[in-house]
Amino acid sequence: MLARRIIPCLGLADGRLLSGKHAAGVRDAGDPVELGVRYDSEGADELVLLDITASWSPESATLAAVRRLAEAIFIPFGVGGSIGSVGDAAAVLGAGADKVIVNTAAVRDPDLVSQLVETFGSQAVVIAVDGRLTNGRWAVTVNHGRDATGLEALGWIAELEDRGAGEILLTSVDRDGTRSGYDLPLIAAAAGAIDIPIVAWGGAGSYAHFAEVLEAGAAGAVAASLFHLPGYTVRDAHEYLRGRGLVVRR
Amino acid sequence: MIVVVDYGVDSLAAVVRAVAAAGHPATLSSDPDVVRKADRVIVPGVGNYGRAAVTLRVSGLGDAVREVAGAGRPLLGICLGQQLFFAESEEAPGATGLAILPGRVVRFQTTLHLPHVGWAQVLPTAAGRAHAVTGSLLGSDGSYYYHVHSYHPTDLPEACVLATADYDGVFPTIVGEGSVLGTQFHPEKSQDAGIDFFRRFAEWTP
């Protein structure tokens, strides 16, 4: 029986933690590896690193951060941020990441998904999908909700499953940053549409929100800003979820 | 000195780091002579059984690992490394493994999604509870370890299955006989539980 996963996110810009509202409450917003180690010691099941200005050339600051993080923690972690080719993915996985997270590049060229799966195996390929409720359906957007793609979320994730994606990271653009709860209808509809695991993102403001989204069918839940707030730890989240009857790691 | 066998597969560096974090420095080696003289040996790995079996044979590392087992020195196989301890695997019909443990490797027969990926609860068997490494490790509720695999061992004598997990059916996830141990999961990705496992292996006198 697989445990559900609580996954803190490290938001980076050019290899350094994002400051400002993305890292509120963290005194030293600088080094992602320090924060990653802290999350690991607090019982995180996995980590996600998303770099908004990522470059994947060998000298890139983000790649250096990935390498250092891989040397410091003993849990799996995924990395995303402008990963656009098999070469980018090879650099990221070679630096020690367990999974690559691809978003826009998959929309631009769905064949890339198949190529990544063939080269690295489905377990290393996570496709991120951003959904925004539009006229009763969830439209897939890119560029943080700014650009439409013409794709509909449920059909898109079914195609991604067919192409061999290991996991879908499903974000509600409407809920992201609001701390008012995940988009439960979106997650429930997605869980009903595909068999591969869905990790939910967007809206976590409390442990109860984790419980709700897992009960709606998510295999895991990502939280970014929540774990930056003092007093919120993955260990406490696990304990709360156990109390709600969910299977989580002890 | 603990030697981690480098036979050209992935996930080696993480194992060396995790064993060091357990308080026991380990060294990576692709030299059969270094492997056969080691006090204890770890064979990690992620990849294809067929290709790895050929590499082990051609490099002489397979023979070196067999000698360590034959001499009664502690030997740990992880994931693909553990699968190679068996004579054959459904992943590569016709390929020959090291035949250090009785049994064989099969693919999950399930409609559930493969590979099996994530933190799975690992429960000791009666044999596991009596074993020096796994006995006190897993506690009465078992413990969670990170799995990533589509194949698993089967057809072992009961006494050789030390712990199981469940994915649409119970399967062996810690196996062993004599001084040989194998885990289907990745201790190097299993945080405290994994590092604890490495510590107990490092301090084990079979």
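Protein sequences, first through last, are from chains A and B.
For reference, each letter of the first sequence is one residue, going 87 to 336 in this note's numbering.
For reference, each letter of the second sequence is one residue, going 119 to 324 in this note's numbering.
Heads up, the beta-carbon is just placed ideally off N, CA and C, and yes, glycines get one too.
Item, Value
"According to DSSP, residues forming a beta bridge with phenylalanine 319 of chain B", "DSSP lists no partner for phenylalanine 319 of chain B."
"Whether leucine 202 of chain B touches glycine 221 of chain B by CB criterion (9 Å)", "no"
"Partners in chain B for glycine 282 of chain A, counting only beta-carbon separations shorter than 9 Å", "Looking at the sequence itself, residue 282 of chain A is isoleucine, so the reference to glycine does not match. His231, listed in chain order."
"Cβ neighbours of tryptophan 322 of chain B in the same chain (closer than 7 Å, five flanking residues each side left out)", "Pro192, Ala250 and Val251"
"Environment of histidine 108 of chain A [buried if 16+ CB atoms lie within 10 Å]", "With a pLDDT of 45 at histidine 108 of chain A, under the threshold of 50, the modelled position of that residue is not reliable, and no figure is offered here."
"Ordered list of beta strand (DSSP E) runs contained in the region 121-175 of chain B, each at least 3 residues", "144-147 and 158-161"
"Minimum Cβ-Cβ distance from glutamate 295 of chain B to chain A less than 9 Å", "no"
"Where the region 277-293 of chain B meets chain A: residues whose CB sits under 9 Å from a CB there", "Ala283, Asp284 and Tyr285"
"Cβ-based neighbour list, proline 351 of chain A, same chain, cut-off 7 Å, excluding 5 preceding and 5 following", "For chain A, the structure presents residues 87 to 336; residue 351 of chain A sits outside this window and is missing."
"9 Å Cβ cutoff, leucine 88 of chain A in contact with chain B", "yes"
"Contiguous alpha helix (DSSP H) assignments of at least 4 residues, all confined to the region 166-237 of chain A", "172-180, 190-194 and 197-206"
"Contacting residues, own chain, Cβ-Cβ under 8 Å from valine 259 of chain A (five flanking each side not counted)", "Asp216, Gly217, Arg218, Thr227, His230, Gly231 and Gly288"
"For serine 177 of chain B, the three-state DSSP class (helix, strand or coil)", "helix"
"Through-space distance from leucine 174 of chain B to leucine 146 of chain B, alpha-carbon basis", "15 Å"
"Which residues DSSP lists as bridging leucine 256 of chain A, in chain order", "A:Val215 and A:Ala286"
"Cα-Cα separation between glycine 215 of chain B and leucine 237 of chain A, rounded to whole angstroms", "47 Å"
"Same chain, Cβ closer than 7 Å to glutamine 239 of chain B, five either side skipped, listed in chain order", "Gly260, Tyr262 and Ala283"
"Of the residues B:Arg135, B:Gln200, B:Glu295 and B:Val159, the one placed nearest valine 186 of chain B, counting alpha carbons only", "B:Val159"
"Alpha-carbon to alpha-carbon, tryptophan 242 of chain A and glutamate 145 of chain A", "34 Å"
"Cross-chain neighbours of alanine 139 of chain B in chain A, by beta carbon under 9 Å", "Phe160"
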